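Residue numbers (my numbering): 251 to 456.
Just so it is clear, CB atoms sit at the ideal spot from N, CA and C, and this is done for glycine as well.
It should be emphasised that the depicted structure is a prediction, and the values quoted were computed from it without experimental measurement.
Encoded as structure tokens, the structure appears first; notes follow it.
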Amino acid sequence: RSLHDAIRDFQIDSMDMMIQGGVSDGDASSRITDASDRLNYVIEMTSSAANKTMDMVDSSVPVASELQMQARELHKDWNRLIQRDLTPQEFRDLYKRIDAFLKYTDESATTLHTNLNTILLEQGYQDLTGQVITRVNELIRDVEERLVHLVSVAGRVDSISGMEHESETKERDDDRGHGPAINKNDNPEVLNNQDEVDDLLSSLGF
251 RSLHDAIRDF
261 QIDSMDMMIQ
271 GGVSDGDASS
281 RITDASDRLN
291 YVIEMTSSAA
301 NKTMDMVDSS
311 VPVASELQMQ
321 ARELHKDWNR
331 LIQRDLTPQE
341 FRDLYKRIDA
351 FLKYTDESAT
361 TLHTNLNTIL
371 LEQGYQDLTG
381 QVITRVNELI
391 RDVEERLVHL
401 VSVAGRVDSI
411 SGMEHESETK
421 ERDDDRGHGP
431 AINKNDNPEV
441 LNNQDEVDDL
451 LSSLGF
């Protein structure tokens, strides 16, 4: 009876958790399914954020490399200008290149700014997935505690039913069925006949 009550309480508590967790339909087992879905959600979010971040980095690297290359080339000619080592035509070309470089720098800065913002926003998954993992951990701890309680109660079934175990060797050798234990001491907690055993099993859902 204690085992039956423990199982019943476990089912009721699981249903309460399911309602509190926002699950509107299904039975207590859907709580475990919900935990599995949550973990899959974490995997999807992590994968999506990682892929998006890598895409943004791949998009930004060529822009930064081009800026670096153009800046180095302009710096060389700028040093020649300082040393008055440019011809009039080279000076005019340098003027045009500087103008083009400034425009490209403005466009590139906008691109890099957008990519960096996207990368930053993608890191927001850590907060969401952290909350999900915390909820799943709470569920695991709760299930573990209740299963430990069920095991503890199940360990007292032998004394509750009045059953006595033989040695492990005899159990392996003797596979014949046995009837209910005899209530020698008129203990109200001990089952008296097969009907009471059947009633107990029926109440447990077997």
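Nearest residue (CA-CA) to residue i, options the options
{"i": "K353", "options": "Q320, L400 and D377", "result": "Q320"}
{"i": "D356", "options": "A314, S286, N290 and Y375", "result": "A314"}
{"i": "I293", "options": "S402, L378, E340 and W328", "result": "L378"}
{"i": "K346", "options": "D327, T283, D335 and Q333", "result": "D327"}
{"i": "R288", "options": "E394, T384, E395 and R396", "result": "T384"}
Classification of residue i by the beta-carbon crowding that lies within 10 angstroms, buried from 16 upward
{"i": "M304", "result": "exposed"}
{"i": "A300", "result": "exposed"}
{"i": "V311", "result": "exposed"}
{"i": "Y375", "result": "buried"}
Distance between residue j and residue i (C-alpha atoms, nearest Å)
{"i": "I262", "j": "T364", "result": "Residue confidence for I262 is low, a pLDDT of 47 falling below 50, so the modelled location carries little weight; the figure read from the coordinates is stated next. So the alpha carbons of these two residues sit roughly 51 angstroms apart."}
{"i": "T361", "j": "E316", "result": "13 angstroms"}
{"i": "S297", "j": "V307", "result": "15 angstroms"}
{"i": "H325", "j": "L366", "result": "27 angstroms"}
{"i": "A285", "j": "A359", "result": "43 angstroms"}
{"i": "R330", "j": "D343", "result": "13 angstroms"}
{"i": "S309", "j": "G380", "result": "28 angstroms"}
{"i": "T368", "j": "K302", "result": "8 angstroms"}
{"i": "E399", "j": "I390", "result": "Contrary to the premise, residue 399 reads as His rather than Glu in this sequence. C-alpha separation (whole angstroms): 14 angstroms."}
{"i": "F402", "j": "D392", "result": "Per the sequence shown, the amino acid found at residue 402 is Ser instead of Phe. About 15 angstroms."}
{"i": "E388", "j": "E394", "result": "10 angstroms"}
{"i": "R322", "j": "I332", "result": "15 angstroms"}
{"i": "F351", "j": "F341", "result": "15 angstroms"}
{"i": "Y291", "j": "V386", "result": "12 angstroms"}
Backbone secondary structure at residue i - three-state DSSP
{"i": "T364", "result": "helix"}
{"i": "L331", "result": "helix"}
{"i": "M337", "result": "In the sequence as displayed, the identity of residue 337 is Thr instead of Met. In the structure shown, T337 sits in coil (DSSP, three-state: anything other than H, G, I, E or B)."}
{"i": "G374", "result": "coil"}
{"i": "A359", "result": "helix"}
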